[in-house]
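Chemist: Using the numbering used here, you'd call the opening residue of the sequence shown number 10 and step up by one each time.
Idealized CB from N, CA, C, for every residue including glycine.
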Amino acid sequence: MARRKIVAGNWKMNMTPSQAKALCAELKDLVKSEDVDVVYCVPAIDIVPVVEAVKGTNVKVGAENMYFEEKGAYTGEISAAMLVDAGVEYVIIGHSERRDYFKEDDCLLNKKVKKALEAGLIPILCCGETLEQREMGVTMDWIRLQIKSDLAGVTAEQVQGMIIAYEPIWAIGTGKTATTEQAEEVCKGIRMCIEEMYDAQTAEAVRIQYGGSVNAANAAELFAQPNIDGGLVGGASLKADFGKIVNYK
Ligand code: 13P
Numbered sequence: 010m011a012r013r014k015i016v017a018g019n020w021k022m023n024m025t026p027s028q029a030k031a032l033c034a035e036l037k038d039l040v041k042s043e044d045v046d047v048v049y050c051v052p053a054i055d056i057v058p059v060v061e062a063v064k065g066t067n068v069k070v071g072a073e074n075m076y077f078e079e080k081g082a083y084t085g086e087i088s089a090a091m092l093v094d095a096g097v098e099y100v101i102i103g104h105s106e107r108r109d110y111f112k113e114d115d116c117l118l119n120k121k122v123k124k125a126l127e128a129g130l131i132p133i134l135c136c137g138e139t140l141e142q143r144e145m146g147v148t149m150d151w152i153r154l155q156i157k158s159d160l161a162g163v164t165a166e167q168v169q170g171m172i173i174a175y176e177p178i179w180a181i182g183t184g185k186t187a188t189t190e191q192a193e194e195v196c197k198g199i200r201m202c203i204e205e206m207y208d209a210q211t212a213e214a215v216r217i218q219y220g221g222s223v224n225a226a227n228a229a230e231l232f233a234q235p236n237i238d239g240g241l242v243g244g245a246s247l248k249a250d251f252g253k254i255v256n257y258k
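(1) What does the Cβ neighbour count give for S246, buried or exposed, with the cut at 16 atoms within 10 Å?
(2) May I ask whether a heavy atom of the ligand 13P can be found less than 6 angstroms away from the beta carbon of N19?
(3) Suppose you measure from the CA of V48 to the CA of M149; what does that come to, to the nearest Å?
(4) Just checking I181 against the ligand 13P - is the residue's beta carbon closer than 6 angstroms to any of the ligand's heavy atoms?
(5) Identify the continuous beta strand (DSSP E) that holds D46 and give its terminal residues.
(6) Rounded to whole angstroms, how far is the Cβ of V100 from the Cβ of A125, which I believe are closer than 8 angstroms?
(7) Please confirm whether any heavy atom of the ligand 13P lies closer than 6 angstroms to the CB of G195.
(8) Give the straight-line distance between the Cα atoms of E7 and E230, rounded to the nearest whole angstrom.
(9) Relative to the C-alpha of G199, which candidate in T188, F232 and Q218 has its C-alpha closest?
(10) Let me check understanding here. Comparing Cα to Cα, which of E98, G220 and I54 lies closest to I131?
(11) By Cβ distance, which residues of its chain are closer than 6 angstroms to A174, with the 5 residues on each side in sequence left out?
(12) Can you give me the C-alpha to C-alpha distance between Y76 and G137, rounded to a whole angstrom?
(13) May I ask whether a heavy atom of the ligand 13P can be found less than 6 angstroms away from the beta carbon of V70?
(14) Excluding five sequence neighbours on each side, which residues of the same chain lie with their C-beta closer than 7 angstroms to the C-beta of D238?
(15) Could you check which residue in A95, N236, E78 and I87 has the C-alpha nearest to that of K69?
(16) Suppose you measure from the CA of D282 to the CA of E204; what does that come to, to the nearest Å?
(17) Buried or exposed: I92, going by 16 or more other Cβ atoms within 10 Å of its Cβ?
(18) Relative to the ligand 13P, is the shortest distance from any of its heavy atoms to the C-beta of L241 smaller than 6 angstroms?
(19) Please go through the same chain and pick out, in chain order, the residues whose beta-carbon is closer than 7 angstroms to the beta-carbon of K41, but skip the five residues on each side of it.
(20) Closest to K258 by C-alpha separation, out of N236, A226, G243 and G244, would be which residue?
(21) In chain order, what residues of the same chain have a beta carbon less than 7 angstroms from the beta carbon of K197, not counting five sequence neighbours either side?
(22) Are C202 and I156 touching if we call contact CB-CB under 7 angstroms?
(23) Determine which residues share a DSSP beta bridge with V70 and list them.
(24) Where do the ends of the beta strand (DSSP E) carrying R216 lie?
(25) If I measure Cβ to Cβ from R153 and keep anything under 6 angstroms in the same chain, skipping five residues before and after, which residues do I get?
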């Protein structure tokens, strides 16, 4: 069975609650789609208004982060149960900005992935190499290490329902998209890694997105690749262009 495409916006630290509501209203008709899953991953403070704003539409809501502990003295953190109760279905885990600026390592991310799954959230697990790593020729080694560490102890059945996002760090927010060949090569490599770790059925089922300067002009070619099942979109998810990315065909 063909995998269903999934296009998710990652709003990052943009949109106040009132701006968020206005953006949802602006995009409402533009992101309608019968055959693509559409997700807005929004800042924590926008979750409640965005869940309300997308009611009755095809849009699902995601968080940009969460903590793995159940509850307690973790000032500033948000639990998986809080997200679920607020109507969130997806959660980005291990975005390169969190790995880099907030020093999140694979050991922590593994705990977050497991907690998200246990709570019934769908993790969008991010991985990706720096430009230096690409130039040194260690891209796939690095990504395999990330995937293997972040998915330690996760079952095949759980992986089948997950999303993995390949985001080369040098392509994020730079306007410098990976070539279609580069993006497909790594997404295929990730699928092979999943097959090695689990089995062919799991590798076939897991959805793998490309992220990094996806826009209305390059989405169609990227999403047409056999191992690219959609995109994780930053800058272009904050404007009307996002509708064109969802309806890329
Ligand atoms: P841009 O689309 O702005 O390059 O961001 C990509 C990204 O980081 C999505 O998570």
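Modeler: The answer reads as follows:
(1) buried
(2) yes
(3) Straight-line Cα distance between these residues: approximately 28 angstroms.
(4) Correct: I181 has its Cβ closer than 6 angstroms to the ligand 13P.
(5) In the DSSP assignment, D46 falls within the beta strand (DSSP E) that extends over V45 to V51.
(6) 5 angstroms
(7) According to the sequence as given, residue 195 is Val; it is not Gly. No, the Cβ of V195 stays beyond 6 angstroms of every heavy atom of the ligand 13P.
(8) The chain is shown from 10 up to 258; residue 7 falls before or after that span and cannot be answered.
(9) Before going further, note that residue 199 is Ile rather than Gly in the sequence given. Of the candidates T188, F232 and Q218, the one whose C-alpha sits nearest the C-alpha of I199 is Q218.
(10) E98
(11) I133, C135, Q218, G220 and L241
(12) 21 angstroms
(13) no
(14) R12, K14, I15, R216, I217 and Q218
(15) If we check each option's Cα against that of K69, A95 comes out closest.
(16) Because the chain is modelled from 10 through 258, residue 282 falls outside the range shown and cannot be assessed.
(17) According to the sequence displayed, residue 92 carries Leu and not Ile. The residue in question, L92, is buried, as its Cβ has 16 or more Cβ neighbours within 10 Å.
(18) Flag set: Cβ of L241 near the ligand 13P.
(19) N67
(20) A226
(21) N236
(22) yes
(23) Y49
(24) R216 to G220
(25) C202
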